[in-house]
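2 protein chains.
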Amino acid sequence: MKRRIYLNMKELHEAKSLLLERFGPGDLVGEEEILSRKSGGRVTSCPVFARFSSPGFHSAAMDGFAVVAEETFGARDDAPVSLRIGVDAISVNTGFPMPEGKNAVVMIEQCLIDSSRKNVLLRNPVFPWQNVRKVGEDIVATELVFPTNHLLAPYDIGALIASGNSTVKVWKRPVVRIIPTGSELFDLEKEPDVDLSTGRIPESNSAVLGAMAEACGAVALRVPIVVDEPDAIETAIVDAIQSGAHVILVNAGSSAGSADYTVSVIEKLGTVLVHGITIMPGKPTIIGIIEGKPVIGIPGYPVSAIMAFDQIVAPLLHRLQGREAPKRQVTSAILSKSLPSRAGIEEFRRVVAGRVGENVVASPIKKGAGSITTITKANGILRIPLESEGLTEGSEVEIELLRPWHSLEKTLICIGSHDLCLDLVADFLKRSSPAIEMASTHVGSLGGIHAVAHKRCHLAGTHLLDPDDGSYNVSYVKRYVKCPALLINLVHRQQGLMVKKGNPKGIKGFEDLVREDVTFVNRQKGSGTRVLLDYELSRQMVPSDQIKGYEDEEYTHMAVAVSVLSGKADVGLGILSAARALGLDFIPVVEERYDLLILKEHMEYPPVRMLFDCISSHEFKQAVANLGGYDTRDTGRVMFECHG
Amino acid sequence: MKRRIYLNMKELHEAKSLLLERFGPGDLVGEEEILSRKSGGRVTSCPVFARFSSPGFHSAAMDGFAVVAEETFGARDDAPVSLRIGVDAISVNTGFPMPEGKNAVVMIEQCLIDSSRKNVLLRNPVFPWQNVRKVGEDIVATELVFPTNHLLAPYDIGALIASGNSTVKVWKRPVVRIIPTGSELFDLEKEPDVDLSTGRIPESNSAVLGAMAEACGAVALRVPIVVDEPDAIETAIVDAIQSGAHVILVNAGSSAGSADYTVSVIEKLGTVLVHGITIMPGKPTIIGIIEGKPVIGIPGYPVSAIMAFDQIVAPLLHRLQGREAPKRQVTSAILSKSLPSRAGIEEFRRVVAGRVGENVVASPIKKGAGSITTITKANGILRIPLESEGLTEGSEVEIELLRPWHSLEKTLICIGSHDLCLDLVADFLKRSSPAIEMASTHVGSLGGIHAVAHKRCHLAGTHLLDPDDGSYNVSYVKRYVKCPALLINLVHRQQGLMVKKGNPKGIKGFEDLVREDVTFVNRQKGSGTRVLLDYELSRQMVPSDQIKGYEDEEYTHMAVAVSVLSGKADVGLGILSAARALGLDFIPVVEERYDLLILKEHMEYPPVRMLFDCISSHEFKQAVANLGGYDTRDTGRVMFECHG
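Residue numbers (this note's numbering), protein chains in the order written: chain L, 144 to 787; chain A, 144 to 787.
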């Protein structure tokens, strides 16, 4: 097995300047002349001078009569000046050219027209040029309207046209050619119903990179998927160079694995400036130059690809267009849990941030760069610097925001156990008010109770059974929450036995688990579902030591379902949605209570109020009922009030 | 003359809610199904659920060997476990499906391959599922991927495709039909060389409104210019309603003048909800409804049109698409001069803001809504509330930013006298660094010295002659500036006599101004040019009381030039660029010194350093020389050091 190493590992700032220093505004792309009307968002490639003055003539700035100012001097209430309409006083509207010889406008409101309608009486004088817009008052012909490298806002188009420029020279949009590589990939648009279990993956990075490139003002062109073979990759890169594209992205094969050919192909065709950047996600990034054009090897994991684009390609695309890469807004926030980090790597942790009471709180999402949802569910990025060995819970950190700053004030943070009904809540909330963002992170019920108690979130979903008395949640809240709080029911839900479609083993309840021909798969100790299982086994007097597979633990409902689907086990305990996700049969065996825990001090936060309005609505309960496996008899009801 | 009144004047918030309350997400426009790959920036019209799990199979999370974890248990340095390659240990790369029966991956770095290349030696055990990405680790089939009304970011496309959604349902883009009206308007693209002095105006608002609508995600369609006749306007509106457009903008005729027909046409065809909003610019706005569709009368002055769109139309377009209108970033700033305001009107003053030392300072630009440059030169908006009668110099105000917040740290504020060479500086700076914004406001030399002295700007252009000794600028700086400061020369420039093309009166110098057949036009008392004139007249012993037109004063170089062009005067004193702008002849008569004044404490501000590097460069001096009328012998030289 041939292994490569990272040829030329660099820190981010160094990698970036190695690339950016080579290119300035307009390099590679050049300029073009376009209609001013279509120039919003483009960048001038040379200074723009006024061809016309604006206004181009002296004009009335008010509706009224154009007069010779000197003829109104001396006008008073008791000695009005009378002017002949059409001779001494010419009726004008705002914007009309000043009639020859007139040098002021009397506002219509200050004119009295006599009964003959032939004369106008003025009780006040006007001074010369009063209420007149003079030639060039706004723009003087020949003056600079915009400098080079000016990013044209929509309203700038008004100044272009007013100054006589119906066209404007701008830097061309860079053309980015995106080459997806990978023998396991397929095009979902062409094959919408592929069986993924054979190891195939829908190719998504090229669409993301294309959309990101377009958001930078570039034109993105994606070629069909290329197989993982050096010759095929070489052909695709050579084609791209010859196609006239300005920047080429090869995704992926940029790491140092045995099938990672990108770096050797770039090396063969040109120069590798950087192979490997000390960031995570995004480490296996390649920066190469072939025939003077940047060829970037983008890592394959979706979040690595996004970060590599964001940190390396986006600044390049902006620079070629002569503009500053936009910076994300930042906010300081309290970190909700400690984050260890490896010194020598700059980490970009995705977080969910929102205002919780006095503070903005940032909760890290799990790390995996292979999980696209670690960024789609995030609203911020926390950079852990190269030299840091981690950050401590409760410390103040700086967050780069992925959404507008004001959305922080409308973000509802929910940390705890997850249930499908929370997704329903999120959808209901956003349907009634698009501004509301509901951000959920799943750490289990007990983790959620701790997060609420420490004011790290607005609310938590919890379904913790107390085996001593069979009650739900209350005893845990009493033990851990020291401020006034409410437990409000979201739903009662069915836990059940998940079995293969058609239930070939004819399993009906817990008593079947001890059968000789039945293999069980368990959840880990301490999970809500495990607590529930042990409670029910003991209540129904089913001996756990006679259950085959009782020691075999999985960590999620879904992993249990997968074990059943793959035949590793015949049955496991879990919720309906997991069974449905994999097409398993579901035998409801016990109902559990799923509540929302919230501190009283957050009850007046508008998104929280909206949430409780939402779950109390008939429409919501109806939608829950339609999901199946739920009961809404207590939904929205306060189950327990904690006085702290 | 028939006058109308504002039918239904409202405050802004009221006008806005009268319109917005009628429409929710997707109203008027409906939904469409589009390719996920093209959905960046669009808004979901229904919840998106996962069709696939991601990953869709158990896969290797590392390059290495897939093994049965249990077979590695007990492996130690001194007792490695040996596994047969291809049987017990299968070579896998990251992302490969796990081979049947294997449940963990040993990283390649921890494998020792024996010399026969048939066995791999492991010195450490792995636990079950270590280095394996399990089915559904990222996304579980059936789960909610995005709620309704979710604004899709480019990276969200990754989650859509990974979850098996090659298409997505989104709200359609609203179609905005823009009807420019006005008999004086012409289409610059069709008639690029119209003689404006006949009272014609290039139509620019429809292009601005179109670009603003597109920036809100709408599709903009502009129809040809409609003449100011009620029937023509009615036909255009009826056409627009029938065309399938969702929102119709009529520009202008929305005021209450005798030729403002828009309101009566809307009234005839539908309902007028609002006529007149208590904002400035933007007062003559109409909000109407015809056949259920919003028909907005947009005022004619360019900045009024922009404000009416920004405050009324933009929120509507965002709302129809199910998303929040983006809010501008705000900053607090020190107001550089007092602003009187009329109670009962909410004013939107355009300002230039930037960091000057410790503070962000905001300098208001002149008011005229007819001047597009009052917004194109601005980088912020200062709202003066309805009830306010004005704001005082030095007070802290809140500015809504038109550019990204970080540009404030790279904005160079220049307040004082203007010279064409400052435009050249702006262009040079932005050419070498697109991030730099140079913001100039022109208040004359003395105003500039005061602004520098009060730390309201970074630098000022000044050309003030001291008539006592013929020196420039120094005596004024000594008098008014109380901190250490430098006067650095920008240029020496020619003032000259501007005369009609071909110099029909044969004017050669100041001595000709007293000729019987020559009429002069003067500058106002206190201007640098007037000080210079009087100094030169006295030095050359030309009696000013014998100059015809000496009492006739204009306020700008350009106004003097216009007087000469129009034949009102034969000659005036001014700078070459004003003469060139209107095609006048120019007879240089005297050289004056034009310096930049700057406080020493600002010399280390990076944009200031760049400015001085720029003006000291050979390229800059060459470019100045090419303009004509300038001398660069002292350019960049410190002329005076003030110790404060």
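Virtual Cβ for every residue (Gly too), placed ideally from N, Cα, C.
| Item | Value |
| --- | --- |
| Beta-carbon gap between residue 297 of chain A and residue 361 of chain L smaller than 8 Å | no |
| Simplified DSSP assignment, three categories, for residue 790 of chain L | Summary: the structure shown does not reach residue 790 of chain L, with chain L confined to residues 144 through 787, and so no result is reported for it. |
| Helix, strand or coil at residue 353 of chain A [DSSP, three-state] | helix |
| For residue 314 of chain L: DSSP bridge partner residues | L/174 |
| Under 7 Å by beta carbon: chain L residues contacting residue 747 of chain A | Those do not exist, as residue 747 of chain A stays about 21 Å from chain L at its closest Cβ, beyond 7 Å. |
| Residues of the stretch 464–498 of chain A whose Cβ lies closer than 8 Å to any Cβ of chain L, in chain order | 465, 466, 467, 469, 470, 472 |
| Cβ-Cβ distance between residue 405 of chain L and residue 440 of chain L below 8 Å | yes |
| Contact list for the stretch 753–783 of chain A against chain L, Cβ threshold 8 Å | none |
| CA-to-CA distance, residue 646 of chain A to residue 706 of chain A, given in whole angstroms | 15 Å |
| Any C-beta of chain L under 8 Å from that of residue 701 of chain A | yes |
| Beta strand (DSSP E) runs contained entirely in the stretch 207–277 of chain A, provided each spans 3 or more residues | 207–210, 224–227, 233–235, 247–250, 254–256, 262–265 |
| In chain order, each beta strand (DSSP E) run of at least 3 residues that lies wholly inside the stretch 531–586 of chain A | 539–544, 554–559, 580–585 |
| Cα-Cα separation, residue 593 of chain A to residue 358 of chain A | 40 Å |
| DSSP three-state assignment for residue 145 of chain L, whether helix, strand or coil | Model confidence at residue 145 of chain L stands at a pLDDT of 47, short of 50, so the residue's coordinates are unreliable; what they give is reported in the following sentence. Looking at residue 145 of chain L - three-state DSSP - the assignment turns out to be coil, as it is neither helix nor strand. |
| Which of helix, strand or coil DSSP assigns to residue 475 of chain L | strand |
| Contacts that residue 516 of chain L makes with chain A (C-beta to C-beta distance below 7 Å) | 281, 282, 302 |
| Proximal chain B residues relative to residue 242 of chain A, where beta-carbon distance stays under 8 Å | Judged by its chain identifiers, the structure shown contains no chain B, and its protein chains are L and A. |
| Simplified DSSP assignment, three categories, for residue 688 of chain L | helix |
| Within chain L, partners of residue 285 of chain A - CB distance below 7 Å | 720, 723, 724 |
| is_contact[residue 513 of chain A, chain L] using C-beta, thresh 8 Å | yes |
| Residue 472 of chain A burial status per 10 Å Cβ neighbour count (16 or more: buried) | buried |
| Residues near residue 350 of chain A by beta carbon distance below 8 Å, same chain, minus five either side | 365 |
| According to DSSP, residues forming a beta bridge with residue 418 of chain A | A/151, A/429 |
| Within 8 Å, strictly: CB atoms of residue 554 of chain A and residue 522 of chain A | yes |
| C-beta neighbour in chain A for residue 355 of chain L, strict 8 Å | yes |
| Secondary structure of residue 762 of chain A, DSSP reduced to three states | helix |
| Pick from A/648, A/483, A/186 that is closest to residue 532 of chain A, judged by C-alpha positions | A/483 |
| DSSP state of residue 195 of chain A mapped onto helix, strand, coil | coil |
| First through last residue of the alpha helix (DSSP H) which encompasses residue 715 of chain A | Counting along the chain, residue 715 of chain A falls outside any alpha helix (DSSP H), though it belongs to the beta strand (DSSP E) covering 714–718. |
| Other residues of its chain near residue 774 of chain L: CB distance less than 6 Å, five sequence neighbours each side excluded | 635 |
| Residue 659 of chain L versus residue 690 of chain L: straight-line alpha-carbon distance, rounded | 9 Å |
| Where residue 122 of chain L falls, given that 16 or more other Cβ within 10 Å makes a residue buried | Outside the displayed range of chain L (144 to 787) lies residue 122 of chain L, so it cannot be described from this structure. |
| Proximity of residue 467 of chain L and residue 223 of chain A at Cβ, strictly below 8 Å | no |
| Where the stretch 326–343 of chain L meets chain A: residues whose CB sits under 7 Å from a CB there | 327, 331, 332, 335, 339, 340, 342 |
| Beta carbon of residue 345 of chain L nearer than 8 Å to that of residue 300 of chain A | no |
| Segment limits, beta strand (DSSP E) that includes residue 496 of chain A | 489–499 |
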